[in-house]
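For the sequence shown, the numbering used here assigns the number 21 to the initial residue and increments by one for each residue that follows.
Glycine included, each C-beta is placed from N, C-alpha and C at the ideal position.
Remember, it's a predicted structure, so these values are computed and weren't measured experimentally.
These notes are about the structure you will find just below.
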Amino acid sequence: MRWSWLNISIFALVSVWVAFFVERFGFNPTDQGFVLAQSWRVLQGEIPHRDFISARPLGSAFFHVVDIVLPGPSYPASVVIATLQMMAATVWLALLTLRVKLDSLRFCGSVGVVVAALVNIHLFPMNAWHTIDGIFFVALGWWALDRGARGSSTWLFRLGLLALGAATTTKQSFAPALVAGLIFLLIEHRRGRRDRLLLDLAILAACPALYAIVVGAANGGAQALDQLTGGAGTVGDRLLSAESAEGFGIYLVVFLVACAVAAWTSTHGSVWATIMGRCGAAASLMCVLAVVVRGGLSRAGDWGIVLLWMLVLAIAFEFLKSAIRGRARVQWRLLALPFLAWMSSLSWGYDSPTLLGGSMALSIAAIVVSFVSGDSVDAGGSRLVGVAASVVGVLLSGSFLVAKQSVDAYRDQPRELLTASLGSVTAEMRGIRTTPATVAYLADIDRCVRTYPARKVAVLPDNAVVYPALNLTNPFPIDWMLPMELVADTRDRILDTATEMDSMGSYLVLFAGVTPEQLAEGDGARGIDAGAVGPQDPTGLLGAIDSALNGSRITCGTFTGIWKEGV
Numbered sequence: 021m022r023w024s025w026l027n028i029s030i031f032a033l034v035s036v037w038v039a040f041f042v043e044r045f046g047f048n049p050t051d052q053g054f055v056l057a058q059s060w061r062v063l064q065g066e067i068p069h070r071d072f073i074s075a076r077p078l079g080s081a082f083f084h085v086v087d088i089v090l091p092g093p094s095y096p097a098s099v100v101i102a103t104l105q106m107m108a109a110t111v112w113l114a115l116l117t118l119r120v121k122l123d124s125l126r127f128c129g130s131v132g133v134v135v136a137a138l139v140n141i142h143l144f145p146m147n148a149w150h151t152i153d154g155i156f157f158v159a160l161g162w163w164a165l166d167r168g169a170r171g172s173s174t175w176l177f178r179l180g181l182l183a184l185g186a187a188t189t190t191k192q193s194f195a196p197a198l199v200a201g202l203i204f205l206l207i208e209h210r211r212g213r214r215d216r217l218l219l220d221l222a223i224l225a226a227c228p229a230l231y232a233i234v235v236g237a238a239n240g241g242a243q244a245l246d247q248l249t250g251g252a253g254t255v256g257d258r259l260l261s262a263e264s265a266e267g268f269g270i271y272l273v274v275f276l277v278a279c280a281v282a283a284w285t286s287t288h289g290s291v292w293a294t295i296m297g298r299c300g301a302a303a304s305l306m307c308v309l310a311v312v313v314r315g316g317l318s319r320a321g322d323w324g325i326v327l328l329w330m331l332v333l334a335i336a337f338e339f340l341k342s343a344i345r346g347r348a349r350v351q352w353r354l355l356a357l358p359f360l361a362w363m364s365s366l367s368w369g370y371d372s373p374t375l376l377g378g379s380m381a382l383s384i385a386a387i388v389v390s391f392v393s394g395d396s397v398d399a400g401g402s403r404l405v406g407v408a409a410s411v412v413g414v415l416l417s418g419s420f421l422v423a424k425q426s427v428d429a430y431r432d433q434p435r436e437l438l439t440a441s442l443g444s445v446t447a448e449m450r451g452i453r454t455t456p457a458t459v460a461y462l463a464d465i466d467r468c469v470r471t472y473p474a475r476k477v478a479v480l481p482d483n484a485v486v487y488p489a490l491n492l493t494n495p496f497p498i499d500w501m502l503p504m505e506l507v508a509d510t511r512d513r514i515l516d517t518a519t520e521m522d523s524m525g526s527y528l529v530l531f532a533g534v535t536p537e538q539l540a541e542g543d544g545a546r547g548i549d550a551g552a553v554g555p556q557d558p559t560g561l562l563g564a565i566d567s568a569l570n571g572s573r574i575t576c577g578t579f580t581g582i583w584k585e586g587v
């Protein structure tokens with residue numbers, strides 16, 4: 021128990037350190053704050069899909085209400101919470117794949133988990149996000165199911181069922197985890213839990229059922245179905261693309277040979293076999309390290325896909341080793357991680373499992389070390405010292421996170437140029453550092469809102485974060501008019517809203533004269549030609565909104581806009 025609390029303290033402190041010394045540097049008003057804006061709508065009493073549109077289920081919007089209601093600035097809170105989620109998910113996945121308890125992790129084992137978490141975080145901008153939520157709930161669900169089943173803990177088992185159900189409400193790509201949970205549940209009930217089957221099934225379905233009931237009872241069921249099925253589908257085809265191996269081919273080949281040698285020699289007891297096995301294991305681990313370092317912790321990079329391939333190969337060799345020894349078995353705990361990696365990569369813009377890169381590296385290390393240690397992958401805590409030693413190289417690349425993020429902040433400038441605080445614009449973003457250009461951009465929005473007061477305010481086409489940050493009410497049914505997000509009848513609903521809004525008055529609609537790309541380059545002071553929304557209007561939607569509104573034309577800093585007082 022003492023080690024459990026010590027480990028929890030270490031993981032929490034590292035998470036807070038990452039949030040405050042890494043993740044609070046850099047900001048761009050595109051996807052950062054998007055989920056938080058949806059949570060803001062939920063707090064205003066809006067019903068998902070009926071009142072506002074989403075191509076995904078909006079469980080994350082409900083979950084991240086906590087980011088807003090907690091005391092203190094909401095956006096930094098979302099950064100801290102997301103970082104804690106990634107750390108917790110890494111811990112649960114490590115405990116699951118290594119099949120150990122938290123109090124079995126001594127210092128070296130904890131270091132290995134911390135390193136894996138740092139690599140998982142890589143250069144992804146930590147903030148409230150549906151993919152992070154999905155990984156968090158699936159990791160919790162699978163770990164709790166496993167621990168509950170092995171330890172005969174009913175409450176823990178049911179917590180796992182509940183978490184898997186919650187994962188499906190964050191994003192469609194995590195629905196297969198619920199199916200896997202259902203299969204696990206049915207297997208467990210065949211082992212003597214039949215009297216509880218109906219209750220357990222109800223718990224598994226509780227979150228998606230409650231979500232459907234809330235939306236359906238508010239007459240949003242038809243809209244939800246149209247929106248959730250209206251987006252472009254993805255099956256993770258990039259994971260099978262040979263192009264992903266470009267620049268990593270030599271590491272894959274060496275890993276394949278070295279891992280095969282380590283696995284094969286583990287079935288032989290000679291001195292030479294032992295030496296060859298250790299050399300093979302060392303070479304395998306060096307390949308893993310090389311992939312992480314060469315990948316540079318880049319966002320949605322090929323390095324995550326290559327690590328997934330390496331993990332699948334290592335699992336295959338583990339199976340062959342056990343088959344040679346006459347104990348052929350497929351360990352579902354090892355298969356759970358590549359399964360989750362596949363689900364996390366089902367994304368329009370982030371189709372690589374880099375958010376699980378560290379966990380995959382740690383699992384590969386555990387499997388390879390088991391080849392030369394003579395233990396099974398789930399042998400227990402005594403093997404963790406070897407695992408931690410084998411990922412010392414990954415530790416170096418984990419610490420590399422700080423250096424990489426300082427020169428490659430998400431859609432922003434190097435750290436030495438992030439000299440301004442968004443807290444000067446709004447207390448809800450206190451502590452977030454960015455360029456003076458981005459601060460001036462958000463200050464323009466704040467100034468416009470104060471100069472032209474209105475009940476309804478929209479800042480188009482991006483800028484979702486301003487609604488919770490400046491306490492604004494967006495009249496349109498979507499907070500980020502990204503073309504991919506315009507599913508089902510979104511366009512018609514937006515234009516209908518514009519027509520209705522114009523008849524009622526008391527609105528302010530601002531069109532950004534600075535693109536997110538200009539802000540990322542620190543060039544926010546140079547706006548687009550005043551009144552021209554075309555450069556940011558690939559679908560023509562902004563022009564249609566502009567035509568539907570008959571209020572006063574205004575220019576406010578780098579923004580043009582339309583303002584109409586209340587009727």
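- For Y487, the uninterrupted alpha helix (DSSP H) run begins and ends at 486 to 489, by DSSP.
- The DSSP-derived three-state label of I574 is strand.
- DSSP places G65 outside both helix and strand once states are collapsed to three, so it counts as coil.
- Straight-line spacing of the CA atoms in L205 and G369 works out to 33 Å.
- A check of alpha carbon separations from M106 across L530, T50, T519, V158 identifies V158 as the nearest.
- For Y527, the beta-bridge partners assigned by DSSP are K476, K584.
- DSSP links S304 through a beta bridge to no other residue.
- According to the DSSP secondary-structure assignment, T174 is paired through a beta bridge with no residue.
- Between the alpha carbons of D516 and P77 lies a gap of roughly 23 Å.
- In the DSSP assignment, the residues bridged to A532 are F579.
- Taken in chain order, the complete beta strand (DSSP E) segments of 3 or more residues contained in the segment 183 to 256 number zero; there are none.
- Residue environment: I270 is assigned as exposed (fewer than 16 neighbouring CB atoms within 10 Å of its CB, all protein chains considered).
- Counted as a single uninterrupted DSSP element, the alpha helix (DSSP H) harbouring G269 occupies residues 269 to 285.
- Residue environment: F54 is assigned as buried (16 or more neighbouring CB atoms within 10 Å of its CB, all protein chains considered).
- Contact check for L376 against L143 fails: the beta carbons are separated by 8 Å or more.
- Distances from the CA of G297 to each of G321, F391, Q425, S261 were compared; the closest alpha carbon is that of F391.
- Looking at the backbone, the Cα of I88 and that of I498 are separated by about 19 Å.
- For S367, there is no enclosing alpha helix (DSSP H), as DSSP gives it neither H nor E.
- Straight-line measurement puts the Cα of L360 at about 14 Å from the Cα of A381.
- Going by DSSP, N140 is part of the alpha helix (DSSP H) stretching over 127 to 141.
- In the structure shown, T454 falls within a strand segment according to DSSP collapsed to helix, strand and coil.
- With 16 or more other Cβ atoms inside 10 Å of its own Cβ, V459 counts as buried.
- With 16 or more neighbouring CB atoms inside 10 Å of its own CB, G315 falls in the buried class.
- According to the DSSP secondary-structure assignment, F72 is paired through a beta bridge with P68.
- Taking 8 Å as the upper bound for CB-CB distance, A429 and F45 are in contact here, some 6 Å apart.
- DSSP places F47 in the coil class of the three-state scheme, outside both helix and strand.
- Contact annotation: the segment 471 to 478 does not touch the segment 448 to 456, with fewer than three C-beta pairs closer than 8 Å.
- A direct Cα-to-Cα measurement between I101 and G346 gives close to 46 Å.
- Under the 10 Å beta carbon count, D166 is surrounded by 16 or more other beta carbons and is classified as buried.
- A222 counts as exposed, since fewer than 16 other C-beta atoms from the protein chains shown sit within 10 angstroms of its C-beta.
- Look at the beta carbons and you see the segment 556 to 570 touching the segment 527 to 543: at least three pairs across the two are nearer than 8 Å.
- Within the DSSP bridge table, the entry for S441 names R453 as partners.
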